[in-house]
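Take a look at the structure below.
Numbering (my numbering), first residue to last: 99 to 632.
So, in structure tokens, the structure goes:
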């Protein structure tokens, strides 16, 4: 390779000169060579042909006054064509020509230059437009990649949530049902409880990935159900057992200022996994911050204020370092702790805010540290109906199913066989005895056409016909539309719900669900049906 070829500057951009006068073309070409490659067009029609067939035009230098097709018309057509609209256009005009600069700029021209043009100014203007164009192209590409990454992340999260919530819900409910088996030893019961708690923790991790983002954006939609905070607290104590034993820390619970046991109930409206995650973060931090042999105290208190509220307090003898107190609720705030992410207190604060409350703390050398979660109590301490049931099921007080449960026939539709088994076992314990099963919407339709059914419970996302398509089919049939329908879904966004509600969806249960939620939902739906018939 010669020294000359090494030193030559590559001609990376082509400039298209559009002018009907040869002397103007010659002048502009001399000013651009050798820095740029030059193409020439003497008519507007030829300029459009070159622009549409070239892939590397950097700038078009366009004369305004030309025969047949003037520069304005050429510019208009360039900007209307998606293949050429992003190429910068600089109008070149004679100093004695009367032109309408505003009209040109409104058409999409990037700049104006008057002849005779200084070579240095011409090259500087071209360089500026190429830089701007390159920056816009890079930004567009980055936005495209960013949008694609968001789409892929949402797809992965949606798939993982759907695929993982099914089996994990089964693990939780199967283990909970086995705990009630009186033939099990105390050791077996403890193992079943550990299995259930591990599955709950996995579900919390699956949910947390995208839920925190939704909470930050204010788009998270609460799915309120009755939650026993005592059960949650002892699950957290159990999960942290290894750390607690290593530091010889004593964990205890007070309920309304009295010692609490795992058999007691402090039931409030909320979400199991949100309370579990929030308490897990706060108690874990308290245990880690406690001195060896210290105590971590969780307090649950109800207050009859106006409006009523309840509080969750987590106390320990440790002290929050002064260096971090002012930014403790910020994302990634951590100090002096190995392996800490700085997300624990941040996410706990975000969850408290999402549930309509707040998280605060006080810390001192004499009294240690207390984190206080203050949350509203909408109705009473022991709500018996979840928000879903109140919102989507108009219950008839005092009504009951007229047909005996043992004689009712229930169709359960889910592509996971073990999920069908879990739902059937839950309902069988409630007195229902006859069930039909289908793995997709098409199979369900075949069964519905051949068998009288009293209730349908269907998963949303399934291969073949989805649960929503099954519901639409039932809505279109004069007889099938009378059958109560409950949708079960692991991932229901607000737009999807609104779409489903428009098509007739009135009852649904979200995964993960407890056996109580399924029982209450079925009872409420059948009670409403009986009320409508009376």
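All C-beta atoms in this analysis are idealised placements derived from N, C-alpha and C, irrespective of residue type, glycine included.
- Checking the DSSP bridge columns, you'll see residue 513 has no partner listed.
- Residue 410 sits in a strand when the DSSP states are folded into three classes.
- Residue 449 is a Cβ neighbour of residue 372, given a cutoff of 8 Å.
- Non-local beta-carbon contacts of residue 602 in its own chain, meaning distances under 6 Å to residues more than five positions away in sequence, involve 573 in chain order.
- Following the DSSP letters along the chain, one finds residue 137 inside the beta strand (DSSP E) bounded by residues 135-139.
- Within 10 angstroms of the beta-carbon of residue 465 lie fewer than 16 other beta-carbons, which makes it exposed.
- Within a 10 Å sphere around the beta-carbon of residue 311 sit fewer than 16 other beta-carbons, which makes this residue exposed.
- Under the DSSP assignment, residue 379 falls outside any beta strand (DSSP E), being part of the alpha helix (DSSP H) whose first and last residues are 370-387.
- The straight-line gap separating the alpha-carbon atoms of residue 606 and residue 390 is approximately 48 Å.
- Within the DSSP secondary-structure output, residue 200 pairs in no beta bridge.
- Taking a contact to require three or more Cβ pairs closer than 8 Å, the region 367-383 and the region 335-343 qualify as touching.
- The C-beta distance from residue 235 to residue 270 rounds to 51 Å, too long to meet the 8 Å contact threshold.
- Here the alpha carbons of residue 349 and residue 293 stand approximately 22 Å from one another.
- In the DSSP assignment, no residue is bridged to residue 286.
- The Cβ atoms of residue 551 and residue 268 do not sit closer than 8 Å to each other.
- In the DSSP annotation of this structure, residue 450 is not part of any beta strand (DSSP E); the continuous alpha helix (DSSP H) holding it starts and ends at 442-452.
- For residue 176, the enclosing alpha helix (DSSP H) stretches over residues 169-178.
- By the neighbour-count definition (other C-beta atoms within 10 Å, threshold 16), residue 396 is a buried residue.
- The beta carbon of residue 560 lies closer than 8 Å to those of 511, 512, 513, 537, 538, 539 in the same chain, with the five residues before and after it left out.
- In the displayed model, residue 125 falls within a helix according to three-state DSSP.
- Residue 330 and residue 543 have their C-alpha atoms spaced approximately 41 Å apart.
- Here residue 114 really is in contact with residue 139; their C-beta atoms are around 6 Å apart, less than 8 Å.
- In its chain, beyond the 5 residues on either side, 407 have a beta carbon closer than 6 Å to the beta carbon of residue 401.
- In its chain, beyond the 5 residues on either side, 328, 353 have a beta carbon closer than 7 Å to the beta carbon of residue 362.
- According to DSSP, residue pairing for residue 521 in a beta bridge does not occur.
- In the same chain as residue 168, and ignoring 5 residues on each side of it, the C-beta atoms closer than 8 Å to its own belong to 142, 162, in chain order.
- The criterion of a C-beta distance shorter than 8 Å is satisfied by residue 585 and residue 556.
- Assignment of residue 557 by DSSP, reduced to helix, strand and coil, places it in the strand class.
- In this model, residue 241 and residue 216 are separated by some 37 Å (Cα to Cα).
- When the alpha-carbon of residue 473 is set against those of 314, 447, 206, 467, the nearest one is in 447.
- A residue is called buried once 16 or more other Cβ atoms fall within 10 Å of its Cβ, and residue 575, having fewer, is exposed.
- Close CB contacts of residue 209 within its chain, under the 6 Å cut and outside five residues either way in sequence, are with 188, 223 (chain order).
- For residue 364, same chain residues with a beta-carbon under 7 Å away, outside a window of 5 residues either side, are 326, 327, 328, 353, 398 in chain order.
- DSSP assignment within the region 596-630 yields no whole alpha helix (DSSP H) run of 4 residues or more.
- DSSP, read as helix, strand or coil, puts residue 572 in helix.
- Distance from the Cα of residue 424 is smallest, within the candidate group 416, 460, 453, for 460.
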